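For reference, the structure is listed below as structure tokens.
There are 2 protein chains.
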Amino acid sequence: MRRVYFHRDFKRGIKGTYNWLVDEVKELGEALKTNNKEDLENEFADVIAWLASLANVTGVDLENAALNKYDNKCPKCRHSPCQCTF
Amino acid sequence: MRRVYFHRDFKRGIKGTYNWLVDEVKELGEALKTNNKEDLENEFADVIAWLASLANVTGVDLENAALNKYDNKCPKCRHSPCQCTF
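This is how it looks when you write it as structure tokens:
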């Protein structure tokens with residue numbers, strides 16, 4: 000993702016890239032209503048692509064961030080499966 | 000992610016899980032303004048965690064969906080780096 004898009008996302012900047020991510024999340028919300036599997040997969044792919052782009056632009060390693068926080072346990076209750084009651 | 004949260008997300012349902020995702024994206028937007036690296040990593044982790052939960056609840060394989068669409072090339076122009084002009 001970095002190799003394909005970084006030059007462009009960097010020019011767009013953090014706020015511009017974040018706004019694209021928000022738009023993609025809205026499109027995912029629309030796709031959820033249609034229940035068309037292909038649309039859904041497309042929109043999930045777009046959201047994660049923009050999330051990865053945003054992480055690149057801000058210098059965050061998305062995979063590491065996720066693994067550090069969610070290391071196969073819920074980060075709040077430390078159980079798996081999660082036993083939080085909220 | 001499936002093992003830790005599926006039982007809970009399934010009860011919450013698609014719409015409820017989507018709404019959580021939207022909230023986490025907003026929190027990420029707030030963290031972007033502070034420029035605190037630890038906050039940022041936390042919020043990125045939360046967004047991807049909820050995205051993965053939503054994918055589980057809707058029966059989408061998030062990793063496959065992303066790899067199918069973004070196989071190291073831009074899905075629109077088919078180049079890497081992307082050469083789209085929008």
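So the sequences go chain by chain: X and Y.
Just so you know, we're using numbering that gives the first Met the number 0 here: the first sequence kicks off at 0 and counts up by one.
Just so you know, we're using numbering that gives the first Met the number 0 here: the second sequence kicks off at 0 and counts up by one.
All C-beta atoms in this analysis are idealised placements derived from N, C-alpha and C, irrespective of residue type, glycine included.
Computed from a prediction, not measured in an experiment: that's the story for all the values here.
Would you mind giving the Cβ-Cβ distance between residue i and residue j, rounded to the nearest angstrom? I have them listed as a contact below 8 Å.
i        : j        : result
GLU23(Y) : TRP49(Y) : 5 Å
LEU6(Y)  : PRO80(X) : Reading off the sequence, residue 6(Y) comes out as His, not Leu. HIS6(Y) to PRO80(X), Cβ: 6 Å. Contact.
TYR17(Y) : LEU20(X) : About 15 Å separates the two Cβ atoms, so there is no contact after all.
Considering only their Cβ atoms, is the gap separating residue j from residue i smaller than 8 Å?
i        : j        : result
THR84(Y) : ILE13(Y) : no
PHE93(Y) : LEU61(X) : Since the first residue shown for chain Y is 0 and the last is 85, residue 93(Y) is missing from the structure and cannot be characterised.
ALA64(X) : GLU29(Y) : no
What first and last residue would you give for the alpha helix (DSSP H) that runs through residue i?
i        : result
LYS36(X) : 36-57
ASN67(X) : 61-68
Inset, instruction - Could you name the residues of the region 8-23 of chain Y whose beta carbon sits closer than 8 Å to any beta carbon of chain B, in the order they occur along the chain? - result: As a matter of chain content, chain B is missing from the structure shown, whose protein chains are X and Y.
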